[in-house]
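Trainee: Have a look at this one before I ask anything.
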Amino acid sequence: MSSGTPAATPVTACRSCGGPAPRLFLSLGSTPIANRLVRADGLDATDPSFPLEVGFCEACTLVQLTHELPALEIFDADYPYFSSFSDMLVRHSEKHVIDLIASRNLGPDSLVVEVASNDGYLLKAFVERGIPVLGIEPTPGPAAAARAAGVPTREEFFGAELAQRLVAEGLKADVIIANNVMAHVPDLNSFVEGFRILLADDGLVDVENPGVGALLAHTEFDTVYHEHFCYFSTIAVQSLMRRHGLELVGVEEFAELHGGTLRWSMQHAAAAKPTASVDSVLGAEHDAGLATFDRYATFGDDVRAVQQDLVALLRGLRAEGRTIAAYGAAAKGATLLNSSGITTDLIDFVVDRNTHKQGRYIPGARLPILDPAALLERQPDYLLLLAWNVKKEIMAQQEEYAAHGGRFIVPVPRPVVL
Ligand SMILES: [Zn+2]
Numbered sequence: 441m442s443s444g445t446p447a448a449t450p451v452t453a454c455r456s457c458g459g460p461a462p463r464l465f466l467s468l469g470s471t472p473i474a475n476r477l478v479r480a481d482g483l484d485a486t487d488p489s490f491p492l493e494v495g496f497c498e499a500c501t502l503v504q505l506t507h508e509l510p511a512l513e514i515f516d517a518d519y520p521y522f523s524s525f526s527d528m529l530v531r532h533s534e535k536h537v538i539d540l541i542a543s544r545n546l547g548p549d550s551l552v553v554e555v556a557s558n559d560g561y562l563l564k565a566f567v568e569r570g571i572p573v574l575g576i577e578p579t580p581g582p583a584a585a586a587r588a589a590g591v592p593t594r595e596e597f598f599g600a601e602l603a604q605r606l607v608a609e610g611l612k613a614d615v616i617i618a619n620n621v622m623a624h625v626p627d628l629n630s631f632v633e634g635f636r637i638l639l640a641d642d643g644l645v646d647v648e649n650p651g652v653g654a655l656l657a658h659t660e661f662d663t664v665y666h667e668h669f670c671y672f673s674t675i676a677v678q679s680l681m682r683r684h685g686l687e688l689v690g691v692e693e694f695a696e697l698h699g700g701t702l703r704w705s706m707q708h709a710a711a712a713k714p715t716a717s718v719d720s721v722l723g724a725e726h727d728a729g730l731a732t733f734d735r736y737a738t739f740g741d742d743v744r745a746v747q748q749d750l751v752a753l754l755r756g757l758r759a760e761g762r763t764i765a766a767y768g769a770a771a772k773g774a775t776l777l778n779s780s781g782i783t784t785d786l787i788d789f790v791v792d793r794n795t796h797k798q799g800r801y802i803p804g805a806r807l808p809i810l811d812p813a814a815l816l817e818r819q820p821d822y823l824l825l826l827a828w829n830v831k832k833e834i835m836a837q838q839e840e841y842a843a844h845g846g847r848f849i850v851p852v853p854r855p856v857v858l
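Each residue of the sequence shown is one higher than the one before, counting from 441 in my numbering.
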């Protein structure tokens, strides 16, 4: 670690229930911040790295990182992620918008609030249908992009304090949406308390996040990174929500999205009418062992097997003189590469459609990020799909690369060549 870099501190209490420190079950070593892509002029410096370890709360079952990083290490003005680049996510969001308008009878007098609204890709679909919205997005680049797209956006972190100010301004939300953000929240209880404060009496909160059940079942250890403090089961979400007077009323599963996403719907306990989906998903999670430490303890062995198999596969191909590139400069790629010890000696470059990432380098592994056009220009023999969650989309886009003999490697749940 370079001098002047703030150190990580061990978590001493559960982020949700405040119970004893989470019990460690998976160590991915010490790795750089996954989304902190390296610029060409920063290649001489060492990337600061921090422990990446995961534990289980034996009191409320919440899976969480065992070390805490200063928030500024994670969210800086350079944060390169803009959501509108994934076709699958845009389609999924459009359907969510249309379903909510119908099921909640939303109209010109309604208010939809989205927390972590990014570049406004979701709220824009409400605006186009005449429904008032408010985006909450702390990162300046995406917030500016959202405003330019006609989505009113507050550049702030969401929590109880902001919710109180919004209510004081006369706002109450008929729908609150929080997709792929709850795992990033340092103060989980303030965040959920914010829902309770801002939500109208008969309002609905929809929270989406990859589920920890799919993470375990498919060995998706690369979805662990410093920006993701918590890994949620429905069991842990129910416990968290109840602490703030909110009740789960529905759970939906989207197996294809981010490797297995769950959408939890909540209402004020007084207004809540849970559907059968809640008990059904809770029962399945208990059957899968998600409430017990034992299930998590075996996961560490699964992860080491995947890492060893992948490195052996790549080394074998290199020994045969094959060239290998990678697809997808997302955070999960950085975790996979750095926790497995894969660098430029095995993989030449990575491609990504996001123009904000091109010209930079994956932290730690230091793979250069290029335009996907490089695949046809250089025609590497193999393409490791770091963004395996959108493998169908990538393989469809890369028909020409495949037609010229290119092969695909999918790293999880076990490394395979397609
Ligand atoms: Zn807990």
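Each residue gets a CB set at the ideal place from its N, CA and C atoms; glycine is no exception.
Once the 5 residues before and after S467 are set aside, which same chain residues still bring their CB inside 7 Å of it?
Mentor: Indexing the sequence shown from 1 puts residue 467 at position 27. Correct list, in chain order: E493.
Trainee: At the 7 Å Cβ level, is H684 part of the contact set with chain C, yes or no?
Mentor: Of the protein chains in this structure there is only one, and it is not chain C.
Trainee: Determine the DSSP secondary structure at V664, reduced to helix, strand or coil.
Mentor: Against the sequence shown, residue 664 aligns to sequence position 224. Coil.
Trainee: Please confirm whether W704 and V743 have their CB atoms less than 7 Å apart.
Mentor: The count along the sequence shown starts at 1 and reaches residue 704 at position 264. The count along the sequence shown starts at 1 and reaches residue 743 at position 303. The answer is no: Cβ separation not under 7 Å.
Trainee: Looking at ligand 1, does it come within less than 6 Å of A499, judged from the CB to the closest heavy atom?
Mentor: On the sequence shown, position 59 is the one that residue 499 refers to. Yes.
Trainee: For G651, which beta-bridge partners are listed by DSSP?
Mentor: Your numbering for residue 651 matches position 211 in the sequence shown. In DSSP, G651 forms a bridge with F672.
Trainee: Based on Cα-Cα distance, which residue from G761, L505 and A759 lies nearest to Y671?
Mentor: Against the sequence shown, residue 671 aligns to sequence position 231. The shortest C-alpha separation from Y671 is found at L505.
Trainee: Look at S550 and D614 and say whether their C-beta atoms are less than 7 Å apart.
Mentor: The residue given as residue 550 occupies position 110 in the sequence shown. The residue given as residue 614 occupies position 174 in the sequence shown. Going by C-beta atoms, S550 is nearer than 7 Å to D614.
Trainee: With hydrogens ignored, establish whether the beta-carbon of L464 is closer than 6 Å to any heavy atom of ligand 1.
Mentor: The residue labelled residue 464 in the question sits at position 24 within the sequence shown. No, Cβ of L464 sits at least 6 Å from all heavy atoms of ligand 1.
Trainee: Skipping 5 residues on each side, what residues in its chain have a beta carbon closer than 7 Å to that of L540?
Mentor: Numbered from 1 along the sequence shown, position 100 holds the residue referred to as residue 540. Around L540: L546 and V615.
Trainee: Does the separation of the CB atoms of Y801 and R762 fall below 7 Å?
Mentor: Working through the sequence shown from its first residue, we reach residue 801 at position 361. Working through the sequence shown from its first residue, we reach residue 762 at position 322. No, they are not a contact pair.
Trainee: Contact defined as beta carbons within less than 8 Å: I believe Q819 pairs with L810. What is the distance between those atoms, to the nearest angstrom?
Mentor: As a working mapping, residue 819 is identified with position 379 in the sequence shown. As a working mapping, residue 810 is identified with position 370 in the sequence shown. Contact flag wrong, Cβ pair sits at about 13 Å.
Trainee: Name the two residues that bound the continuous beta strand (DSSP E) containing L825.
Mentor: Residue 825 sits at position 385 when you count from the first residue of the sequence shown. From DSSP, the beta strand (DSSP E) with L825 extends over Y822 to L825.
Trainee: Roughly how many angstroms separate the alpha carbons of I849 and L757, rounded to a whole number?
Mentor: If you number the sequence shown from 1, residue 849 lands on position 409. If you number the sequence shown from 1, residue 757 lands on position 317. For I849 and L757, the distance between alpha carbons rounds to 11 Å.
Trainee: Classify T449 as helix, strand or coil using the three-state DSSP reduction.
Mentor: Here residue 449 is taken as the residue at index 9 of the sequence shown, counted from 1. Three-state result, T449: strand.
Trainee: Look at the Cβ atom of T659, then the Cβ atom of P853, and state whether they are nearer than 7 Å.
Mentor: To locate residue 659, count along the sequence shown from 1; it is residue 219. To locate residue 853, count along the sequence shown from 1; it is residue 413. Taking 7 Å as the Cβ cut-off, T659 and P853 qualify as a contacting pair.
Trainee: Of the choices F597, R463, V478 and P582, whose alpha-carbon is the least far from that of V591?
Mentor: In the sequence shown, the residue the question calls residue 591 occupies position 151. The shortest C-alpha separation from V591 is found at P582.
Trainee: Over what stretch of residues does the alpha helix (DSSP H) that includes Y841 continue unbroken?
Mentor: Here residue 841 is taken as the residue at index 401 of the sequence shown, counted from 1. Looking at the DSSP string, the run of the alpha helix (DSSP H) that includes Y841 is E839 to A843.
Trainee: Less than 7 Å separating the beta-carbons of F496 and Y736?
Mentor: The residue you call residue 496 lines up with position 56 of the sequence shown. The residue you call residue 736 lines up with position 296 of the sequence shown. Yes.
Trainee: Under three-state DSSP, which class holds H684?
Mentor: Walking along the sequence shown from the start, residue 684 turns up at place 244. If DSSP states are grouped into helix, strand and coil, H684 belongs with coil.
Trainee: Straight-line CA distance for R587 to S557?
Mentor: Residue numbering aside, residue 587 sits at position 147 when the sequence shown is read from its first letter. Residue numbering aside, residue 557 sits at position 117 when the sequence shown is read from its first letter. One C-alpha to the other measures close to 11 Å.
Trainee: Whole angstroms is fine: what's the gap from Q838's alpha carbon to L825's?
Mentor: Counted from its first residue, the sequence shown places residue 838 at position 398. Counted from its first residue, the sequence shown places residue 825 at position 385. Approximately 12 Å, taken between the alpha carbons.
Trainee: Run through the DSSP bridge pairs and tell me what W704 is partnered with.
Mentor: In the sequence shown, residue 704 corresponds to position 264, counting from 1. According to DSSP, which records beta bridges pairwise, W704 is partnered with V647 and V691.
Trainee: Just verifying my parser: in three-state terms, what is the DSSP assignment at H507?
Mentor: Looking up residue 507 in the sequence shown gives position 67. It is a strand residue.
Trainee: Taking 8 Å as the cut-off, does the segment 624–637 touch the segment 600–612 (at least 3 CB pairs, one atom from each stretch)?
Mentor: Touching, yes.
Trainee: Check whether the Cβ atoms of P572 and E596 sit closer than 7 Å, and answer yes or no.
Mentor: Here residue 572 refers to the residue found at position 132 of the sequence shown. Here residue 596 refers to the residue found at position 156 of the sequence shown. Taking 7 Å as the Cβ cut-off, P572 and E596 do not qualify as a contacting pair.
Trainee: How far does the beta strand (DSSP E) with F738 in it reach, from first residue to last?
Mentor: To locate residue 738, count along the sequence shown from 1; it is residue 298. Phe is not the amino acid found at residue 738; the sequence shown has Thr there. That residue, T738, is in no beta strand (DSSP E); its alpha helix (DSSP H) goes F733 to A759.
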